[in-house]
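Visitor: First residue of the sequence shown: 2, per this note's numbering; consecutive thereafter. C-beta: ideal position from N, C-alpha, C; glycine also.
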Amino acid sequence: HLPAGYAQPLFLAFDKQGVLWFPMPMDNSIGMYNLSSHTYQKWPVPTAGAGPWDLAIDSNGIIWFTEHYTNKIGRFDPVTHSFSEISTPSANSEPYGITIDHSGNVWFTENNSSVALIAEYTVQNQLLEYKIRNSFDGGLTPHLITVDPNGNIWWTEGFVGEIGELKIAQALPGTNNGVTEYSYPKVVGCNSNTSHTSGIAVDSNGLVWFDDSLQCTFGSFPDSRKGSFTMNSTPTSYSHPHDGLIVDSHNRIWFDEEFANKLARVTNT
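1. Given this structure, state the Cα-to-Cα distance separating CYS1 from ILE254, to the nearest angstrom.
2. Taking 7 angstroms as the limit between beta carbons, can you name the residues of its chain near ALA172, skipping five residues before and five after?
3. With 16 other CB atoms within 10 Å as the buried threshold, where does ALA49 fall?
4. Taking the DSSP output, what are the residues bridged to VAL180?
5. Could you check what DSSP says for PHE12 in three-state terms: helix, strand or coil?
6. Tell me, which residues are paired with GLY75 by DSSP?
7. Which of helix, strand or coil does DSSP assign to PHE260?
8. According to DSSP, is GLY50 helix, strand or coil?
9. Can you tell me whether THR198 is helix, strand or coil according to DSSP?
10. Run through DSSP, which three-state label would GLU130 get?
11. In the DSSP assignment, the beta strand (DSSP E) including ALA120 goes from what residue to what residue?
12. Consult DSSP for THR110 and reduce its assignment to one of helix, strand or coil.
13. DSSP on GLY220, reduced to helix/strand/coil?
14. With distance defined between alpha-carbon atoms, name the residue in THR231, THR237, HIS243, SER104 nearest to ASP213.
15. Taking its Cβ as the centre, do 16 or more other Cβ atoms sit within 10 Å of ASP224, making it buried, or is it exposed?
16. Pairs of beta-carbons, one from the stretch 195 to 207 and one from the stretch 120 to 129, closer than 8 angstroms: are there three or more?
17. If you reduce the DSSP assignment to three classes, tell me which class ALA92 lands in.
18. What are the boundary residues of the beta strand (DSSP E) that GLN42 is part of?
19. Can you tell me which of the three DSSP states LEU3 falls into?
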């Protein structure tokens, strides 16, 4: 159980020392749990009502996080306990998922369907935005985001039921150059006939794994793009696998089944 005064932890990330970090949007703070000393600490985000959402940790141990309610990303130094915040050029962008590439650049999704961008905060302190599409047709809500072994960026697209890729070699800020969207096979969903793609991660074999909360499915797609989708239904009906999907050091895939109150594990062969 979390101590009193801690509320609504969302995503999790371990640093190199094995310390667990988590954002708390309801409490508007970044939390930490030290597994060795069994102690908790938290630090309030400077902007009131920021809604810290997803987080990632860079090679220097800096905590990066999205501020879903205030159109910013944040940076927290766990040594000095200092914050800095960067606003997105686009208003009402609603930053959601965040990841860090092999060069230390920070990538995140702008979740609002009227914005629907992929953004990069570079190691040179530039904030760049990339289009997914040149026009808006509703439903495109970029969710979580990850990087493949070749440095290409992948994300989930929420209610349009697709995953997207930005090929870094072709990327040009302000355009959708290098972007490809992939639609996967659908079934009659466990909750409805609609889709909602949210969690995403890449394994060591180059398979891009994702889940669909409304279809109650999870699937994979080769990052080489030479192959087809492999789709599976969750073992428990009406499980609503949403957002939380990771690959561990043994190349096993883990995801949450929100409505079933379960965690699922896929042994990758």
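Guide: So, from the data block:
1. Shown here, the chain extends from 2 to 270; a query on residue 1 therefore has no answer.
2. So the list reads TYR131, ASN178, GLY179, once near-sequence residues are dropped.
3. It is exposed - the Cβ of ALA49 has fewer than 16 other Cβ atoms within 10 Å.
4. Paired residues: LEU167.
5. Three-state result, PHE12: coil.
6. BP columns for GLY75 point to PHE66, GLU86.
7. PHE260: helix per DSSP, three-state reduction.
8. Coil, per DSSP.
9. THR198 falls in the strand class under three-state DSSP.
10. DSSP, read as helix, strand or coil, puts GLU130 in strand.
11. Annotation: the continuous beta strand (DSSP E) that includes ALA120 extends over 118 to 122.
12. Strand, per DSSP.
13. Residue state, collapsed to three classes: strand.
14. Closest option to ASP213, Cα to Cα, is HIS243.
15. ASP224 is classed as buried because its beta carbon has at least 16 other beta carbons within 10 Å across all chains shown.
16. Touching, no, given that fewer than three Cβ pairs across the two stretches are closer than 8 angstroms.
17. When DSSP states are grouped into helix, strand and coil, ALA92 belongs to the coil group.
18. Where GLN42 is concerned, the enclosing beta strand (DSSP E) stretches over 40 to 45.
19. Three-state DSSP puts LEU3 in coil, outside helix and strand.
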